[in-house]
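Enquirer: Residue numbers (this note's numbering), protein chains in the order written: chain X, 1 to 361; chain F, 362 to 675.
The beta-carbon is built from N, C-alpha and C at its ideal position, and this holds for glycine as well.
#1: Listed from N- to C-terminal order along the chain, which residues in the stretch 158–171 of chain X have their beta-carbon within a distance smaller than 7 Å of any beta-carbon of chain F?
#2: Can you tell me the Cβ-Cβ gap for residue 206 (chain X) and residue 230 (chain X), rounded? I've got them flagged as a contact below 8 Å.
#3: Can you have a look at residue 131 (chain X) and say buried or exposed, based on whether 16 or more other CB atoms are within 10 angstroms of its CB?
#4: Do you know whose CA, among F:597, F:639, F:617, F:613, lies nearest residue 669 (chain F)'s CA?
#5: Please list, in chain order, the chain X residues whose beta carbon lies closer than 7 Å to that of residue 573 (chain F).
#6: Excluding the 5 residues preceding and the 5 following residue 252 (chain X) in the sequence, name in chain order all residues of the same chain whose CB lies nearer than 7 Å to its CB.
#7: Taking only beta-carbon positions, decide if residue 586 (chain F) is within less than 8 Å of chain X.
#8: In this structure, how does DSSP classify residue 534 (chain F) when only helix, strand and coil are distinguished?
#9: So, with DSSP's three-state summary, where would you put residue 309 (chain X)?
#10: Alpha carbon to alpha carbon, what distance is there between residue 259 (chain X) and residue 322 (chain X)?
#11: In the DSSP output, what is residue 189 (chain X) paired with across the bridge?
#12: With distances taken Cα to Cα, identify the nearest neighbour of residue 631 (chain F) among F:432, F:412, F:458.
#13: Less than 8 Å between the C-beta atoms of residue 629 (chain F) and residue 618 (chain F), yes or no?
#14: Which residues, in order along the stretch 579–613 of chain F, keep a beta-carbon less than 7 Å from a beta-carbon of chain X?
#15: Which residue's Cα is closest to the Cα of residue 284 (chain X): X:277, X:223, X:247?
#16: Taking just the CA atoms, how far does residue 531 (chain F) sit from residue 643 (chain F)?
#17: With DSSP collapsed to three states, give me the class of residue 116 (chain X).
#18: Quick one: what's got a C-beta closer than 7 Å to residue 10 (chain X)'s C-beta in the same chain, skipping five residues either side?
#19: Roughly how many angstroms lie between the CA atoms of residue 401 (chain X) and residue 78 (chain X), to the nearest whole one?
#20: How about residue 92 (chain X) and residue 127 (chain X): do their beta carbons lie closer than 8 Å?
#21: Within 8 Å (strictly less), CB to CB, does residue 564 (chain F) reach chain X?
#22: List the residues of chain A that residue 570 (chain F) touches, going by C-beta distances under 7 Å, in chain order.
#23: Name, please, each residue of chain F whose Cβ falls closer than 7 Å to the Cβ of residue 18 (chain X).
#24: At a CB-CB cut-off below 9 Å, which residues of chain F make contact with residue 73 (chain X)?
#25: Any chance you could list the alpha helix (DSSP H) runs of at least 4 consecutive residues sitting entirely within the stretch 559–612 of chain F, in chain order?
#26: Listing by chain order, which chain F residues have their CB less than 7 Å from the CB of residue 155 (chain X)?
#27: Identify each residue in the stretch 103–114 of chain X for which the Cβ-Cβ distance to at least one residue of chain F is less than 7 Å, and report them in chain order.
#28: I want to verify the contact list: residues of chain F whose CB lies under 9 Å from the CB of residue 52 (chain X), in sequence order.
#29: Go ahead and label residue 119 (chain X) buried or exposed: buried means 16 or more other beta carbons lie within 10 angstroms of its beta carbon, across all protein chains shown.
#30: How many angstroms separate the CA atom of residue 139 (chain X) from the CA atom of residue 235 (chain X)?
#31: Sorted by chain position, which residues of the same chain lie with C-beta nearer than 7 Å to residue 287 (chain X)'s C-beta, five sequence neighbours on each side aside?
#32: Is the separation between the beta-carbon of residue 84 (chain X) and that of residue 166 (chain X) shorter than 8 Å?
#33: Within 10 angstroms of its Cβ, does residue 180 (chain X) collect 16 or more other Cβ (buried), or is it exposed?
#34: On a Cα-Cα basis, can you pick out the residue from F:436, F:564, F:655 that is closest to residue 480 (chain F)?
#35: Quick one: which residues of the stretch 283–311 of chain X get their C-beta closer than 7 Å to a C-beta of chain F? List them in chain order.
#36: Give a yes or no on whether the minimum CB-CB distance between residue 79 (chain X) and chain F is below 8 Å.
Printed below as a string of structure tokens:
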């Protein structure tokens, strides 16, 4: 059990500055997910914590030790890799026991720990098999088992589910969450999948181009994204964006562009007034757009372009003015392609971003 | 009929239910004909250049055939009996083993660290890779000339270096002293063969996933234990195959010994190939020569079978 602290962490390769001034306090027993598109520096950050990558500048603390110059084996961490990284020539039992053998644990203790982990993961009957005789999901369980037998201070996960098929991924996601609740070990988890990040993380760290964009609890990121990138990255289908101009009509702050006209909620009006006459980016989540009666004054017209019936919901790709947006509507809605519809948005569900800095307003 | 039409025609006939007729229409599409076309060249090659000489050597080893003499007949196992009574032959057997395993061990000792070094990325890696392969691609007839000079009794650059470094105090007769001659032959064979070993080992090492090595690092294994417990077992099958080829090549080697020492001095570097050539071609006793080459066969066969068994168990 330990906290992990990253202070001003930087990683530079010859020409690439992969990780920039990362500061992060991961509390004891916390499950923190690093998420971002490929090349954002999340895996590099994780590998620096593991000791597989040298730290160019900054300090990493695990527990109360600065681990910068410690080799991976002395950091008291365990890692689960994307491709499982099982030892192909060893049985499942030996795979799980290897780390303990290297640390000269007594045979009885090794046996006890491996059995415990195998029970926990439901792989007891696989202990005598070799990795090649296992399915992807079973392999990943063994990889997790190899990590937990060590009883490390910190678990590191490097996209552990990305090689599994969609159904298995959902199942393993739930299992990992249950496992973490039970083991209560600090965990750092890297993924490019925002759904995984949202469902697993106590807190989620969104990264891009080596910078941390925002750190927060999943719903905080969803409801109050710090900038346009986080807003677009978290949530599926992604948030809709449109450029629009801020005006004021009779004391009411309004954002308009050809085809779109929405009122700003009173809570944001004050801040938006500063942008009067300027262009801002408006963000609307697909589920915040509703079909409205045709005479609603704050609504806007749209033309249906594509209808995607998903069963529990319908996604409508619509044209609003010059921009294309996605609306998530009730499955009872019957919309046809090329049909004109009127959409409405609750003013307090709108997000606004500075057009230049992309920061949330 | 063009192939395109053929396919279209076949398809319609399959639908019509007269499947066989389509194949009768184009005789070259039949399985039997195709089999002969594809396997034929390899079969002919093996038959003429492997099977025929092999059967012929068995036949000759049981005969009294001599160069230039048309009159030869079956003599049974006389050639083999004479072989077993020939002390030079037994010396040749011993030499062949010393030559083969001496070369193999040194090749591994040089090749393994080299492969590890080449498995990292560094500037100029491709250039180094190319340079390493040079001994392998230079014709042995050429490179042996250079080695002859390097081992020359008067002009040996090796002697010059060793003497300048005060390691030896008089010029060694590399090709003239029994022990040294064997070392010289092994040195050249190692020089020629280590690129092969290194390339095989490098291929094996690149087959070990980086993540597995990292997992072992995190599991607490240092470089030595990583090699023993993780890398070596993973690359073992490839290593076996490489070793198998390498040993067979060395065991049957003729050119490097022949070009450097011709089996001398005092037969101390004769291997199966050179001794068989000496007796069979130079001395003209073809039957005896064939018996010598055949002696290699059961040894190699047993060795190959054992290796392949081990490999399959992996």
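Expert: Based on what the coordinates show:
#1: none
#2: 5 Å
#3: buried
#4: F:597
#5: 85, 87
#6: 263
#7: yes
#8: coil
#9: strand
#10: 8 Å
#11: X:33, X:157
#12: F:458
#13: no
#14: 579, 580, 581, 582, 586, 591, 594, 595
#15: X:223
#16: 35 Å
#17: helix
#18: 19, 20, 21, 56, 57, 58
#19: The structure shown does not extend to residue 401 (chain X), since chain X is modelled only from 1 to 361, so the question has no answer here.
#20: yes
#21: no
#22: Protein chains in the displayed structure are X and F, and chain A is not among them.
#23: Per Cβ cutoff of 7 Å: no residues; residue 18 (chain X) is ~17 Å from chain F at best.
#24: 578, 579, 580, 581, 582, 583
#25: 571–579, 593–612
#26: By Cβ distance, chain F contributes nothing, its closest Cβ being about 11 Å from residue 155 (chain X), past 7 Å.
#27: 103
#28: 575, 578, 579
#29: exposed
#30: 30 Å
#31: 328
#32: no
#33: buried
#34: F:564
#35: none
#36: yes
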